[in-house]
Each structure stands twice: as C-alpha cells, then as structure tokens.
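Protein chains in written order, with the numbering used here: chain A, 1 to 792; chain B, 793 to 1082; chain C, 1083 to 1239.
Beta carbons: idealized from backbone N, C-alpha and C, even for Gly.
Beneath this line is the structure, given in structure tokens, with notes to follow.
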Ligand SMILES: Cc1cc2nc3c(=O)[nH]c(=O)nc-3n(C[C@H](O)[C@H](O)[C@H](O)COP(=O)(O)OP(=O)(O)OC[C@H]3O[C@@H](n4cnc5c(N)ncnc54)[C@H](O)[C@@H]3O)c2cc1C
Ligand code: FES
Ligand code: FES
C-alpha cells in the first residue's frame, strides 16, 4: 500500500505526468470533426460610430463562410450580454464601439488562415468620436456619455445619465473625520495603481458545438468557473431553446488563469451563436494582442489615502477615497454586494478604531474588468495603500518601519478580531512573521550597510510589507455572484476496493488540485492519496460550485472535501460497528481504520469497510460509500505575511535592482509544502512584475500601450529575483483542517514592499512616494528633481 | 496572428537569389526571419515573394583576413556569441551581441539581417558605426563596398538596391591598445534599447586617444554617429573630464523622441550616462583590463 | 501563394506534406501532425511556448515557416521520453515542481535541453540566461532552475 500522504506532505504532482509529456489537454489542442474557425474584426479606434460594415470582399476570400455582425446577433437577441455586476456588455455592437480592440464582427472560415484573411478583408467605416480616457474627466458634467445606448438607461431620464456608476462606502465618516481633526500627526498620499493584464501564457478560447438534433450545446472553454458560466448561458439563451441540462461546459486543462478566465468574453458568445447559426462546431482562440487588449484588467485604482496618529506612533484613523476606472461597462467579477471587492480590508494588519473608505466607479472608453491578476478581490489595492501609508507615517514619527508596524499590529490575543470596517479576522501572529523575516534577511546589518552606502552616495533601500489577506469567499449571508451563493462542493465516492473518485466545483489552473485535494481526503480517510482520483471542470459530472479564483478553492472546496470525507467516515463507522459486532460508541478512529477501544487488534481498515459497503452492510442501510458536501464557510480566512525587500538604485539610469527579497507567509496548515512554495514563488513574481515592469496604459486617444509581449513586460528568469521564503503556521480556527489559502498572498503583499524599499532608498533626498511600475525614467525623474541624478 | 500569402523561393546560389530579387520588385530577403516574419504576422509587411537565403552555402563565417574581421551576413547572433575570436579581440561586438534579443531568437537572427533591417532600435548598427565597418553588398554587377556611414538612409531604409544582398560585414582588426564596449539600457531581457551606446577607442602613447568611434542606438530615426563627441576625445588623454565632455556632446547629438520608454530629457541624460560608461570601459579594456 | 512539398523528420519519424508557404512550423506540428505539446503563447516570438529543436537548435516555431524546415530534423516534447523512460529534464521538472499550469513546460524543457547540450554544467545565472527566451507566468522560475540543475546532474552520471 502506498503512503497515505495526507496534510503536510510534499507529494509530487499527479497532473505532471501528462504535462511533461506534452499530453495536456488545452482547449486549442482540441479537434472536433467538421470544426470551423472564428476570428474577430476589432476596432482600431477607442470610440467611434460604426457607419457601415461591408463583408463583400471578405466573403470572396477562399474558405470564408460567413461574417457575423451585431445585426446578425440581434435577430437572436444575443447582441448584448449581462455582466456579473448586473449590467450589459456588447457582444457585437450595433452603433458604436467604446474601446480600442472591441469586437466588431466575426468571420467564420474553414481554417484559421482563411479566417484571418477574412478579417483583414472586412471593411468597416468608422466615424471617430472623442474618447473619454481619464476617469476624472469622465466625471465632469460636460463629459460625453459613454455608450449612450446602454440598456440600463432605457428607463432613466437623460439628465440622470452619467459616467458615474456607483458610490460605495464603509465605516463611520463622522468619527473618522473627528479623529483626523484631533490627530497629532497625519500623512496623506495619492496613489495610482495601474491597469494590469493577467496574461496567462495560454490565451482564452473555446470550441462551441451545437447539436441541433439533440438540442445539446457542448462548450469547451478556458474558464475558471464552469458551473456559473453554464447557468449564465442558460439564463440568457433560454429564449433560443437552450436549456441548462443540455448545456455542457467543459473546462479542460488551463494554461494559467489568474482571474482572467473567470469572465465571459464576447468571443465565447459569438462562437456559440456561430455554431448555432452554421450547425458546425466553431473554434475561437485569441491571439496575444486580443488577450492583452480586451481581457478583463486588474487594478486601475486612483487612491487618495490619509492616516492619523499620535506622535508616539500609535495609529488612530484611516481615510481613503478612491476613483475606480471600470472601462465602458462594469463587468467586474465581484461578489454582487461588493462592487469594490474586499477593499475594506484596507485597515490591514493594524488595530484601528476609526476608518472610512469610499470608492466611486466610473466609465471610460477602455475594456471592462477589474478583478484579475491574483488580486483577491481588490485586496492588492488595499494592501498597497495601507502598507505605503504605514511607511509614510513611520518616517513621519521617525520610527523604524518595522518597529512602527509591531507597535500597531493586531496582537495575537486579539483574535478573533473585529475590524472597524466590518471583518472578523480569524487568526494571526503578525509580529511572529515579521520577526522571522527580519531574522532571515539580517535587518539590523542591512540598516548599517545602508547608512554606510549613503555616506558614499550609493542609494540602497529596505522595504517592508506586513500584509493581511482575506480569502475564501464566502459565507452565504454576504457573498453571491449574480445570486448564486459562494459555497463550493465535493462529491466523493469510495469504490469497493477502497479507491476513491472525488469531484469538485472548482477548476485548477496550475494550482495542482488533482494532487492537493487528494491529500485533503487522504488525511480524513486514511486512504492513500495515490488511490484518490480528483476531477473538476465538467458541468455534466462535477457538482455545482462557484469555481477557482480569489484563493477560494482550499478554504471553500477544500473544506467541502474534508466534510464529504467526514460524512463517509461516519457511514464507515456504522459499517465497521456492524462488521466488528460492537456499537459505534465503542469504536475509535485512527487514520485508515476503526478499532475497538482498548483492543487495537480488533480493527477494520477503511478498505475493508469500503468493500463491505457493497458486499456486507447492515440491514436497513443503503449500499455504497459516498457523500456530498456543499460547504458554506462560516467566515473568510485571513492569511498573512511579512515581506522584506532590499533594492539598489542606479543613479545614472534610474534602474531599480531587487537585490534580496525575503517572504514569510502564513497560510495556516499547509496541505503540500512543495506546492505552497510554488504558489508563493509565482505569486511573488506577479508582485514583482507590476512593481517594476508591467502596465497597460492609454494615450489621450484611447490607444493602448502594451498590446503584445514586446511592450507588456512579463519578467523573464533573468529579472526575477531569487526569492527567499519562510514559514509560520497559524491555523484557521474555523476551517475543518485549519487551512487558509495561499494562491494570491504573495501578489497581494509583494509590490508595496518593493515600493517601500525604493522610497526608503530615496527618502533622504526628499522622495515620499513612487507609483508603480517604478521604471527607470520615473525613478530617474525623481533623482533629477531632487538633485541626485548622476550622468555617469 | 497569421501572415498573408506569398510565394516562397529558396535559391541555392547568390546569383539565383539576386535574379529573383531583380525580377520581383516586391520580393524580400528572408534571413533569420526574426524581424520580418513578425512584421508579416502583424500584417505590417506583405512581400509578394520571400527569397530565403538560408540555403545558400558560405554566407556564415567569422574570420580575420587582411586586417579585417570578416563576418558573413548570415552569421547568427549565437555564433558571434560563442566565437572565441570575437570574445577575445572584439569586445564591443561581443557586448553588443550579448544584449540582443534572447537565446532562442539569437539562434536564428543574423548580423546581416540586423543591419539590413535598419531598425533604429537594432543594436548592431551603432556598433558598426563605432567600428567604422564596411559592408559588402552583392548585386547583379558583383560586389560593392559600402562604408557603414553611408548605409543607413532612414528608418528601415538602407542604401541597398532591391536586387542587392548584404553578404559580408568587415570590421577593422584592432591593433595597438584598442578596446570597445557597448552599454545598453533595456527594460528586460529581449527588449530593444531605451538607449544604447557603442564606443571603440585606440590609445596611443601615454594613454592619449588616437582613434575613437561612438555610435548611438534608438535615439533618432537612424543610428547616430556622435562625431562631435569623437572629435572632442581624439588626441586627449582619456581622463574623467575628457570622458565627461565627450559624453555631454554625445547626448547633444542624440535626437530622441518621448515614448513609454522615457522622456526626451531622460533619454538624453541616459545617453550621457551610457556614453560615459562605454568609453570608460572601452578605455579600461584598451589598457588591458576586461 | 505557393505550395511546397516538404519532408521533415519529426521525433525520428519522416513526415511528408504539401504545405502553403505561409504555414507556420508551429501550426504544421500542432495541426497537421497532431503533436499538440508544442504551444502558442504570444505569436510574436517572445514567450517560447512554441520552442522546438530544428537540427538540434532551439528556435521559436511561431516565427518560422514549415517550408524552412524542409529536410530538417525537428524534435518536440513528444519525442523526449524514450521507450517509456522519461528524459532527465522531464524528471527534473516533476521532481523539483518546475511546472504548475504546464503550458510553458514543453518549450521550457526543450530550451533547457538545448542549453545543457551546449553547457552541460551551467551555473544558476547561466541557466537563468539560457531560459530567458521562455516566459513562465506560474512558477517564478526558481523551481525551473532547480529542474535544470537536476537534469544536468542526472545527465552527467
Ligand atoms: C523577441 C525579439 C527581441 C529582439 N530584440 C532585439 C534587440 O534587443 N536588439 C536588436 O538589435 N534586435 C533585436 N531583435 C531583432 C532581431 O535581432 C532580428 O532578428 C534582426 O533585427 C533581423 O535579423 P534577421 O536575420 O532575423 O532578419 P530578417 O527578419 O530575416 O530580415 C529583416 C530585414 O532585413 C532584410 N535582410 C535580411 N538579411 C538581408 C541581407 N543579407 N541582405 C539584404 N537584406 C537583408 C530582410 O529582407 C528584411 O527586410 C529582436 C527580435 C525579437 C523577435
Ligand atoms: S508563441 Fe512562439 S514565442 Fe510565443
Ligand atoms: S507553468 Fe504555467 S506558464 Fe509556466
């Protein structure tokens, strides 16, 4: 019998067997007989009126079968589709385009090559309109209205329409304002956290296959949330005769997701419509420019933040005002009640008595999105803000930033901790993580080195980020996506020989669920993980769940796995009692077997019990050994950590070099330390990237910069720092196995550590803040402004 | 991203290739393809005919002869990188090739293509200006030699005729105390330069600069030879003041435009910094350092 | 638009086909030969997901025409394991957790093999440089470096 390999084992990954042989099943690998190809005509302009679309020349291209436009889709009433924020988004436009690269028409052809030729031959006559690129200008009274034909304005009087989407706030404004008035010290900063693209190496795509005879739609697609997607499809296509039981969404292997594959993009819908219209299976695969240019973005928060405190360094109040650029519709993949995500975790790791946070959502002529890039529902923005401000305040009261943090941390004995902005933190030991990080990096020595270097005119900085994450959405009382509560699920079946299949409502994109979920079950049942097969991603077979994003799989679906296993164990106990002819109360569990209290020889292994479940079960009991759990988490989980970064700055070029980066993470109990480390390495790299390299920006005409990997700068192995990682373990008290989730912590916590290091390096010349990405021209301009640039 | 259709020819000899080019005004040479194919996939280039010169023998070599380093136009970046001759005697070229693209792209991209493409962001052009290289073009009438200073006529434009093929690059072999260096600021591996500077110096007696070449990358519509900077350094001892002055003059010679890689002011200052560093390293190398 | 008869040896098997001049090698491999282990990640020769060996040299097959490979030997991830035995680089990626989503992995492994061929005992920095034409969004590269080191050791045995 193989080892059990429950929690805490660095079990090698099951899924690797196929990936290292080139046998993964990604969506573009799929070939279906009779399949045709869809390619999309996209707008070169950020805002324009479409005067005409002429398909004649395209239809003459050999291999081109049809050209679909908004008018075609309108016949089926699928030219618009709902977003997760209860708005509408265009699938194909009827009148105007509202961002550069927006879908304008679909070309169907017998091959990828012919489809591309067809796209090049479609003639679209655009009348350019002035785009609104800046969210603050969008809010001005005379700003042009973005997408005037928006369905939500059908019943709204014209004077009430504007580019302001919503206002959201949390906290006690009066009390906070008062605390600021009374404060001994305050600091204030404007931060801009730019747009990012998740940029998984696999782009998005699908194969849609409509079988008119069976009325069956099969949709293989790059989705992190297959079940929710199917429900949305069923709801919006019911009038076409599509019915949920006849829609099968299959999410095959995903080449990374990072939130970018939660959304429904117009291409998927056009592919489905095209399959219905033509009767042929249709493949649509984005190229990289389409992916960067149109996929849901992350961040794009303009933040003004203030801290109030006492001269001794005690924090008293936090006040934040944010303008959120949402693009031309609000399509953010938030839980519905949280239009700004979980941004109100912005009090971070500190014990605040007063805080007030407000966010205003705004339309601009850019693609929609908002929640991608390992952001944990806007926690990255929150952490960036509080950790940046904490550093400012530390400097202001002339305390070492580490000491300052320790003074204000929520103390271990305060958990469960009720935050002033409404969260109940489950567990934490913040000083423990920071102490370990300081030890690992040799903090005091570094401060000495920094002082010496400064004497010599060399700029070196040390930056800290002590972040608190909030993951595992979420409890049904406050978390739903278009009404679907954010539970997750596991269906677990033990076969007669003691082997298991378990299916989950989530969908791995590289996190290794096939490996780790088996360990969760192995821990509970004592069945070797190697005997447990995990499946996800097929709506016909897997139980309903909300999917994998926001680090929710372990805290929610993982808990469902543990709970399902416990239900199985309960039944197993009954069978064991029957087999051993004792009462249930006389039995005790030891991983893998039940034995009679006081006589360990009298035992039945889980395998024996499983066999009995089909061959020799008590009278009156149903055969079989299986269970289902739909887990509604009682609370979120709160992973945390402390990161310390050392940077050196080249005064001649403005280059920032991350010399060292120590990351101490606490994600509760670790299922598989090897995989957790891997998640942290990847997460740190996606924290490093926006700090120094990645950014999507737009010029005043709404033209995007960063629409290929030439200019959207994913770090290579050479730029990526050599991460040093450390661990503390503070279990979650409410998760059945003490787990918390880790997929995004590092991306949430890392960028601001690097910013703090850069500001620390430049503080003595008068620099107080740098926005990310901290590129050479930006840093050089600061050096120059403060008279510290060298030209050698 | 799918390239448009074209006819493909893979001649076995230069003569054949030249004949095909002569017959087809819209034909283009395919060398490493690392610039051209990308442009075709973006549909920014749609040549009617591609003349693949990869199957012509004898266009890839690195050898010293008659006082020149002769490099066949089809020599790949990776071959330059692994050449002991280049590494030991032509540090400026070695520096340059090392910062071009990434190891896989470099397995294909050619020195000839890098020059013929005449992208102001390409790195070899400035280096060849600093070296005072000569380029050999082969056409229907045989070979002609083009001094590198006459080669780049505009962005993506050279003095090559449609039916001429760049076949060889000649770099004067160093004699005496010579050294060179290439300094490039790139945002990440594989990125084109924000700005870069090539410097090649020859020191005479008492460390006086006898010859100097300075070339600038991606701060103008073509690569720029920083003549005033060269002149200021010539005949002087390469001390801090002289290097600074040359660096200042080089930055004045730059004609950068603002773009997401940086402002005009930044790029000018960067040219100064990089020129300073390049000359300093070049002088150090000329004096026998590494 | 011209059509060409090509003969390419892929993972040891001779393949003949008539191809359009503009057919990219990556599409020939994936769609004509159904060897889908070679991936497409960027289309612009930046990511290396499409890396294959052509006559032993690692190249990005998205920026190379199939007709250019006429007469050549091409190796893809599918040809790495011999008689069911994993190549040391495959073992290394599994043992050192050098992959997560697996999408960059075939290209990463091929680039690593080419690196080890030239430099059987690379330093960490040489490895990092050697795989710098291949992007990975998941791993942060640390474990990929370890995987290559594992393979280097194994191959020297
Ligand atoms: C990801 C990436 C990063 C890069 N980074 C850099 C960089 O940092 N610095 C840099 O300098 N370059 C960079 N390049 C460009 C690369 O080095 C190109 O390969 C090079 O510029 C062109 O060489 P090639 O052999 O590929 O030419 P091709 O792409 O085959 O040809 C380019 C042009 O030159 C013409 N041509 C080619 N050879 C000849 C010849 N012998 N005679 C006449 N005309 C000819 C062709 O017709 C075509 O118009 C990068 C490329 C990529 C894909
Ligand atoms: S797909 Fe070829 S390099 Fe990215
Ligand atoms: S493992 Fe996902 S891109 Fe490398």
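The alpha-carbon separation between residue 897(B) and residue 714(A) amounts to approximately 17 Å. Annotated three-state conformation of residue 42(A) is strand, per DSSP. Contact between residue 772(A) and residue 690(A) is confirmed by a C-beta separation of about 5 Å, below the 8 Å threshold. In the structure shown, residue 25(A) adopts coil according to DSSP, grouped into three states. Residue 69(A) holds the alpha-carbon nearest to the alpha-carbon of residue 50(A) among 69(A), 62(A), 136(A), 38(A).
DSSP places residue 326(A) outside both helix and strand once states are collapsed to three, so it counts as coil. For residue 658(A), the uninterrupted beta strand (DSSP E) run begins and ends at 656-666, by DSSP.
For residue 867(B), the shortest separation between its Cβ and any heavy atom of ligand 2 does not lie below 7 Å.
When Cβ-Cβ separations below 8 Å define contact, residue 1236(C) makes no contact with chain B. DSSP, read as helix, strand or coil, puts residue 542(A) in coil. Taken in chain order, the complete beta strand (DSSP E) segments of 3 or more residues contained in the segment 471-550 of chain A are 488-494, 500-504, 532-536.
In the structure shown, residue 12(A) falls within a coil segment according to DSSP collapsed to helix, strand and coil. Taking a C-beta distance under 8 Å as the contact criterion, residue 226(A) and residue 507(A) qualify as a contact pair. Taking 7 Å as the cut-off, the C-beta of residue 1172(C) does not count as close to any heavy atom of ligand 3. At a beta-carbon threshold of 8 Å, none of the residues of chain B lie near residue 1151(C); the nearest stands roughly 11 Å away. Interface criterion met: the Cβ of residue 12(A) is under 8 Å from a Cβ in chain C.
For residue 1031(B), no Cβ of chain C is located within less than 8 Å of the residue's own Cβ.
Leaving aside the five residues that flank residue 294(A) on each side, the residues in its chain whose CB is nearer than 6 Å to its CB run, in chain order, 101, 367. The closest heavy atom of ligand 2 lies 7 Å or more from the beta carbon of residue 833(B). Contact between the segment 1060-1068 of chain B and the segment 973-992 of chain B is present: three or more C-beta pairs spanning the two stretches fall below 8 Å. At least 8 Å separates the CB of residue 877(B) from every CB of chain C. In the DSSP assignment, residue 169(A) falls within the unbroken beta strand (DSSP E) covering 164-171.
In this structure, residue 203(A) has its CB at a distance of at least 7 Å from all heavy atoms of ligand 3.
Taking 8 Å as the cut-off, the beta carbon of residue 298(A) is found closer than this to the beta carbon of residue 259(A). Taking the Cα positions, residue 174(A) is about 16 Å away from residue 168(A). In the displayed model, residue 595(A) falls within a strand according to three-state DSSP. Identification of chain C residues near residue 826(B) by a Cβ-Cβ cut-off of 8 Å yields 1127, 1145, ordered along the chain. Judged by the Cβ position, residue 980(B) fails to qualify as a neighbour of ligand 2 at the 7 Å threshold, every heavy atom of the ligand being at least this far. For the pair residue 1234(C) and residue 1204(C), the CB atoms are nearer than the 8 Å cut-off. In the structure shown, the three-state DSSP call for residue 1170(C) is helix.
Residue 190(A) is bridged by DSSP to 304(A). Counting only runs of at least 4 residues, the segment 218-287 of chain A fully encloses the following alpha helix (DSSP H) elements, listed from N- to C-terminal order: 226-237, 266-278. With its beta carbon less than 8 Å from one in chain B, residue 652(A) belongs to the interface. Distances from the alpha-carbon of residue 194(A) to those of 337(A), 182(A), 134(A), 497(A) put 134(A) closest. With a contact defined as Cβ atoms closer than 8 Å, residue 780(A) and residue 654(A) qualify at about 3 Å. Residues whose Cβ lies closer than 6 Å to any heavy atom of ligand 2, listed in chain order: 1122(C), 1123(C), 1124(C), 1125(C), 1127(C), 1128(C), 1129(C), 1130(C), 1131(C), 1132(C), 1142(C), 1144(C).
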